[in-house]
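Chemist: Oh and the sequence shown: position 32 is 32 in UniProt numbering, straight run, nothing missing.
Note that the Cβ used here is the ideal one computed from N, Cα and C, for glycine as well.
Below is one structure. I have some questions about it.
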Amino acid sequence: MKVVAEILTGGLFYVEVEEEATAKELKEKIADQENLPINRLILMLDAEQRDFMNKDDISLKEYGVQDGSHVYIFFEPLPHDSSTSPPIQDPFSDESADTSGESSSETDPTIYLKDSPASTDSLEAPSSPAKDPPEKKDG
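Here's what the structure looks like:
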């Protein structure tokens with residue numbers, strides 16, 4: 001049978017599976033065909049009822065999948081390892097400011113723009129006022 005598979009990023013494709021295939025076999029076909037990580041695939045049959053196909057050993061027929069069924073593909077989030085990731089800092093907070101005493105004009109775009117010759121001080125209004133478009137003549 002042919003199943004329509006849709007990745008929520010916009011990809012739509014067909015997957016051919018046997019009538020008696022399991023959810024795991026469908027995941028394997030999708031992973032192979034689209035080069036996706038099988039261990040992160042989450043399949044959902046009906047978007048309105050949110051019928052997740054989360055038991056790999058259940059047959060597609062038991063889930064209600066038929067020829068032409070539409071299956072939505074989601075991904076398990078990647079695990080976050082806080083021991084290897086630096087803490088996230090708000091670039092706009094005072095705590096993230098450079099306190100080393102060195103000039104940070106190379107990394108701080110605000111200071112760079114302020115110190116650059118093309119600062120807003122050199123911006124001038126046009127020397128002649130803008131002209132109104134010509135009026136339409138009736139007739």
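Helix, strand or coil for I58, going by three-state DSSP, please let me know.
Modeler: coil
Chemist: Looking at the secondary structure, which residues open and close the alpha helix (DSSP H) in which L26 lies?
Modeler: A23 to E34
Chemist: With H, G and I counted as helix, E and B as strand and the rest as coil, what does DSSP make of S116?
Modeler: Because S116 sits at a pLDDT of 44, beneath the cut-off of 50, its placement in the model cannot be relied upon, and the point is left open.
Chemist: Below 8 Å on the Cβ atoms is my guess for K27 versus D67; work out the distance and round it to an integer in Å.
Modeler: No, K27 and D67 are not in contact; Cβ-Cβ is about 18 Å, not under 8 Å.
Chemist: Within a Cβ cutoff of 6 Å, which residues of the same chain sit near S69, ignoring the five residues on either side of it in sequence?
Modeler: Short of 6 Å from the beta carbon of S69, and not among the five residues preceding or following it, lie these beta carbons of its own chain, in chain order: V3.
Chemist: Under three-state DSSP, which class holds D108?
Modeler: The predicted model places D108 with a pLDDT of 44, which falls under 50 and marks its position as unreliable; any figure quoted below should be read in that light. D108 falls in the coil class under three-state DSSP.
Chemist: How close, in whole Å, do the beta carbons of I73 and A31 come, if the pair is a contact with beta carbons under 8 Å?
Modeler: That belief does not hold up - the Cβ atoms of I73 and A31 are roughly 10 Å apart, past 8 Å.
Chemist: Determine the extent of the beta strand (DSSP E) in which M44 is found, giving its start and end residues.
Modeler: L41 to M44
Chemist: Using CA coordinates, which residue listed in R40, Q49, L41 and V17 is at the minimum distance from K61?
Modeler: Considering only R40, Q49, L41 and V17, the residue with the shortest C-alpha distance to K61 is V17.
Chemist: Could you tell me which of D56, Y63, E19 and L12 sits nearest to I38, measuring between CA atoms?
Modeler: D56
Chemist: Is it buried or exposed for T22, if we count other Cβ within 10 angstroms and need 16 for buried?
Modeler: Buried, by the Cβ-count rule.
Chemist: What does a CB cutoff of less than 6 Å around E19 pick up in its chain, not counting 5 residues either side in sequence?
Modeler: M1
Chemist: What residue does the beta strand (DSSP E) around H70 start on, and which one ends it?
Modeler: H70 to F75
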